[in-house]
Amino acid sequence: MTHRSERVLDVRSLARVEGEGAMHVRVRDGAVADVRLDIYEPPRFFEALLRGRRHTEPPDITARICGICPVAYQMSACAAVEDACGVSVDPAVATLRRLLYCGEWIESHTLHIYLLHAPDFLGYAGALEMAQDRRDLVERGLSTKQAGNEIVELLGGRAIHPVNIRVGGFYRTPSRAELTALRERLRKALDQAVETVQWVAGFDFPDFHHDHEMLALSTPGRYAIESGDVATTGGLTFDVRRFEEHIIEEQVPHSTALHARIAGRGRYIVGPTARFTLNRQWLSPLAQEVASAAGLGADCRNPYRSIVVRAVETVYALDEAIRLIDRYEPPARPYAEVPPREAAGYGATEAPRGILFHRYGIGADGLITSARIVPPTSQNQAGIEDDLRRFVGGRLHLDDEHLTWQCEQAIRNYDPCISCSTHFLDLTVDRR
Amino acid sequence: MTTLAVWKFASCDGCQLSLLDCEDELLAVAGRVEIAHFLEATRAVEPGPYDVSLVEGSITTPEDAERIRHVREMSRVLVTLGACATAGGVQALRNFADIDEFRSVVYARPDYVSTLATSTPIAAHVDVDYELHGCPIDRRQLLDLITSLLLGRRPDLPGHSVCFECKRRGSVCVVVAHGTPCLGPVTRAGCGAICPAYQRGCFGCFGPAETPNAAAQAGLLRATGMAEDDVVRAYRTYNAADPTFIELSRVMAGPAPGAGPGGTGQEET
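Those sequence lines, one after another, are chains A and B. Position one of the first sequence corresponds to residue -5 (our numbering), numbered consecutively onward. Position one of the second sequence corresponds to residue 1372 (our numbering), numbered consecutively onward.
This is the structure in structure tokens:
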């Protein structure tokens, strides 16, 4: 099969990712000539349609960018609007936000581990096919996922596009008794999550490493989720308000996408492996213990092992949720008033797939004048393409079917959320 | 076995995720149907025709306008899922704006972006057999729909307002008790009246109920002190392109209900 001078691998519709993307790999004379992760998800123009809306609307409206991680959008939007208006929320409200976010991490990570990613390692087309042989495993995943959804449903009203989140806090906050009622359920899910780490740690991982700079929020004393400063493995740190000074998006000639890079430094990646590498010491003792038992060291530079890191973060999110519930005291008021003022506001939080940045300009009349959103998948796109390029180069002996599947898996390592990235990526439609 | 296909157009993936969010029922459903095309769940794809196609998202590109016709041809029953597919979604706010200006705001190279000037519902392009409303859809409604199609009975899809569900849930009316603006009286039931249970007014994500009382609703919103432009924004969000919501957004507030004879509140329609 090496007789051919040109070899093309095309996956026109990537499966088991959120949104619509395609992969294109071209090999010429035994060398990788071109690798593209194409985004053909239709644009929805959120930054444009937000203008002229009330300053209280971005949490609900931007949630609609992504049905998989709506809480991430709501939290980054709240942070940015509150920053613009100079309001900080009650510590008990901040606690509830972190708990809500733990729910989304549990739900989204478990969805990815069991339904989207594990089938690759075990040779199944999908989780439903896997369930025909290993129903017990898929049931365990669905049960853990449901525990995350139960947190989001209690605090948010529903699992997808929660209704109870507002700028300044919540419409209604739960009683202690309502939260405590979740505790048993979360305990059981925590046991399942520990089993999940042990399960995925036993998968067969290709020997593959990258040297991308890694970027995540970081807060001394706790594993950053809903707040923090930006930090990188290259030693750079900066305040979220300076995000746009440090992160540059550039257009590359062949590509349909804007690629993000760190000013003066280059390509970087975000997401679970970046968080783990930067913030491992702030995981709970249990999460650290299971991470070590799963063979994770101080950092994680094999993208295939991201599934193990996601499993460890799921353990952490459940552990942390239980801790937050145990020390919860309802706030005096469910929300702070957030009167508008003419200002710009910046917010960033750790979506399950990595840092999600929002910036809004607000006019004196309380209407949005400008909006900018930088989602995680677009930040990872250059890293994904680089992984593919190097990965394919080392596996040209595989036949097309196997190589294509392995490339798909390499993309799924990053849990790409194409629905998210699209609203700002450039794209051409090519649906051959 | 009944073959099921799931399709995505311009959307957030949330409505099809509702199927994977049926944690207790997913494997049972998967045992009763053959999932022939569902890219969010499996890379295995079976060729059509399909007995049932579930369609998420709105039509915003020329290519998608073509693709939905192809999906229709391959599908015995076509069901639209959610506000994007049934009413154009929040991205239909472009319908009220200049699309070239929108494009230049978001994209550095607007000429690369292939898009239509409007976001339109699936029914504007092909025949639709059933519509599930909501942003997102309610997963119990989705399960009921799939069950009904398997049993060969008509799905029970309510056309009445959220108020009925709110009363049944036992929630205190947020308008009466707190003067909170609420679109519940003109919004289609199906969500279970979540927002009022969280002390928030309904924001209409399920789109219009059948035969809404435009004048009474305008008066009700006016009585809560809501400004006219906020009323317009409220209707023009997740079901922005829905003709009934467009009409409701144009009904200027008359006197509050019970304020005696006077304007009908419909002078702008």
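Glycine included, C-beta positions come from ideal geometry on N, C-alpha and C.
Under 9 Å by beta carbon: chain A residues contacting residue i
{"i": "S1389/B", "result": "G61, A153 and I154"}
{"i": "E1405/B", "result": "Per Cβ cutoff of 9 Å: no residues; E1405/B is ~10 Å from chain A at best."}
Chain-order list of residues whose beta-carbon lies under 7 Å from that of residue i (same chain, five-residue window excluded)
{"i": "Q1588/B", "result": "P1556, V1557 and L1619"}
{"i": "A121/A", "result": "Y108, L109, P113 and V132"}
{"i": "E1536/B", "result": "A1560, G1563 and A1564"}
{"i": "R1525/B", "result": "S1519"}
{"i": "T1431/B", "result": "A1381, Q1462, T1486, L1487 and S1490"}
{"i": "G1505/B", "result": "G1453, A1454, G1561, C1562, C1576 and F1577"}
{"i": "S249/A", "result": "At S249/A, the pLDDT of 49 sits below 50, so the modelled position is not reliable; the number obtained from the coordinates is stated separately. So the list reads R30, once near-sequence residues are dropped."}
{"i": "P1507/B", "result": "G1385, C1386, S1389 and G1453"}
{"i": "K1379/B", "result": "Q1387, E1427 and G1428"}
{"i": "E144/A", "result": "L176 and R179"}
Neighbour list for residue i in chain D, Cβ cutoff strictly below 7 Å
{"i": "L109/A", "result": "You won't find chain D in this structure, because its protein chains are A and B."}
Neighbourhood of residue i by C-beta distance below 6 Å, restricted to the same chain and skipping five residues each side
{"i": "R255/A", "result": "I242 and R261"}
{"i": "A1458/B", "result": "P1492, G1578, N1610, A1612 and D1613"}
{"i": "L1388/B", "result": "none"}
{"i": "D1509/B", "result": "G1561 and C1562"}
{"i": "Y1606/B", "result": "F1616, L1619 and S1620"}
{"i": "V1377/B", "result": "Q1387, F1409 and L1425"}
{"i": "I1470/B", "result": "A1488"}
Neighbouring residues, chain B, relative to residue i (Cβ below 8 Å)
{"i": "E123/A", "result": "T1413 and A1415"}
{"i": "S137/A", "result": "E1394"}
{"i": "E307/A", "result": "Neighbours of E307/A on chain B: none; closest Cβ ~20 Å, over 8 Å."}
{"i": "E402/A", "result": "R1414"}
{"i": "I405/A", "result": "The contacting residues do not exist; I405/A stays about 12 Å from chain B at best."}
{"i": "V132/A", "result": "L1398"}
{"i": "I55/A", "result": "V1461 and T1608"}
{"i": "R427/A", "result": "What the structure shows of chain A is the stretch from -5 to 426, and residue 427/A is not part of that stretch, so it cannot be assessed."}
{"i": "R48/A", "result": "D1601 and R1604"}
Under 9 Å from the C-beta of residue i: neighbouring residues of chain B
{"i": "H143/A", "result": "Here residue 143/A is Asn; the residue named in the question, His, does not match the sequence. Chain B residues near N143/A: D1392 and E1394."}
Interface partners of residue i on chain A, CB under 7 Å
{"i": "Y1569/B", "result": "G151, V157, N158, Y165 and R166"}
{"i": "V1476/B", "result": "E41 and A42"}
{"i": "A1560/B", "result": "Result: empty, since nearest Cβ-Cβ is about 15 Å, beyond 7 Å."}
{"i": "I1565/B", "result": "G151, R152 and V157"}
{"i": "P1507/B", "result": "G61, I154 and H155"}
{"i": "T1328/B", "result": "Residue coverage of chain B in this structure runs from 1372 to 1640, which leaves residue 1328/B outside it and unanswerable."}
Closer than 7 Å at the beta carbon, the chain B residues around residue i
{"i": "G120/A", "result": "A1412, T1413, R1414 and A1415"}
{"i": "A66/A", "result": "Result: empty, since nearest Cβ-Cβ is about 12 Å, beyond 7 Å."}
{"i": "I241/A", "result": "Result: empty, since nearest Cβ-Cβ is about 15 Å, beyond 7 Å."}
{"i": "Q140/A", "result": "E1394"}
{"i": "L105/A", "result": "L1391"}
{"i": "V161/A", "result": "Per Cβ cutoff of 7 Å: no residues; V161/A is ~13 Å from chain B at best."}
Proximal residues to residue i (C-beta, below 8 Å), its chain only, five neighbours per side dropped
{"i": "Q126/A", "result": "none"}
{"i": "I154/A", "result": "G61 and P64"}
{"i": "T231/A", "result": "S212, D223, V224 and A225"}
{"i": "T1373/B", "result": "R1403, V1404, E1405, D1422, V1423, L1520 and L1521"}
{"i": "E123/A", "result": "P113"}
Contact list for residue i against chain A, beta-carbon separation under 8 Å
{"i": "R1511/B", "result": "Those do not exist, as R1511/B stays about 11 Å from chain A at its closest Cβ, beyond 8 Å."}
{"i": "F1473/B", "result": "F39, A42 and L43"}
{"i": "A1401/B", "result": "L122 and A125"}
Select from the segment 1518 to 1552 of chain B all residues with a C-beta closer than 7 Å to any C-beta belonging to chain A, and list them in chain order. none
Between the segment 1404 to 1411 of chain B and the segment 1462 to 1479 of chain B, can you find at least three pairs of beta-carbon atoms closer than 8 Å? no
contact_flag[the segment 1534 to 1545 of chain B, the segment 1564 to 1582 of chain B] where n(CB pairs < 8 Å) is 3 or more: yes
Name, going along the chain, the residues of the segment 173 to 206 of chain A whose beta-carbon falls closer than 8 Å to a beta-carbon of chain B. none
In chain order, what residues of the segment 1610 to 1625 of chain B put their CB closer than 8 Å to some CB of chain A? none
Specify whether the segment 346 to 365 of chain A and the segment 112 to 129 of chain A touch according to this definition: at least 3 beta carbon pairs, one from each stretch, less than 8 Å apart. no
Output the residue ranges of the alpha helix (DSSP H) runs that lie fully inside the segment 331 to 413 of chain A and measure 4 residues or longer, sorted by chain position. 370 to 387 and 394 to 406
Check each residue of the segment 1586 to 1597 of chain B: if its Cβ is closer than 8 Å to any Cβ of chain A, include it; give the result in chain order. none
Minimum length 3: unbroken beta strand (DSSP E) runs contained in the segment 1479 to 1523 of chain B: 1501 to 1503
Against chain B, which members of the segment 336 to 358 of chain A pass a CB distance test of less than 8 Å? none
Okay, do the segment 370 to 377 of chain A and the segment 393 to 410 of chain A touch, 3+ Cβ pairs below 8 Å being the bar? yes
Contact between the segment 310 to 327 of chain A and the segment 189 to 199 of chain A is defined here as three or more beta-carbon pairs at a separation below 8 Å; is this criterion met? no
Do the segment 331 to 351 of chain A and the segment 264 to 276 of chain A meet, that is, are 3 or more Cβ pairs less than 8 Å apart? yes
What beta strand (DSSP E) runs, 3 residues minimum, are completely inside the segment 246 to 316 of chain A? 252 to 256
At a CB distance below 9 Å, what residues from the segment 369 to 394 of chain A approach chain B? Give them in sequence order. none
Contact between the segment 1390 to 1397 of chain B and the segment 1433 to 1443 of chain B (3+ Cβ pairs under 8 Å): no
Is it true that the segment 282 to 294 of chain A meets the segment 171 to 186 of chain A, where meeting means three or more beta-carbon pairs spaced less than 8 Å apart? no
Short-range partners of chain A found in the segment 1436 to 1466 of chain B, where Cβ spacing is below 8 Å: R1438, G1460, V1461, Q1462, L1464 and R1465
Please go through the segment 124 to 189 of chain A and give each complete alpha helix (DSSP H) segment of 4 or more residues, from N-terminal end onward. 129 to 150
Could I get the ranges of all uninterrupted alpha helix (DSSP H) runs contained in the segment 1533 to 1604 of chain B, with 4 residues as the minimum, in chain order? 1533 to 1540, 1545 to 1549, 1565 to 1568 and 1585 to 1594
Measuring CB atoms only, is the segment 94 to 101 of chain A touching the segment 378 to 393 of chain A, in the sense that at least three cross pairs come out at less than 8 Å? no
Entirely within the segment 41 to 80 of chain A and at least 3 residues each: give me those beta strand (DSSP E) ranges in chain order. none
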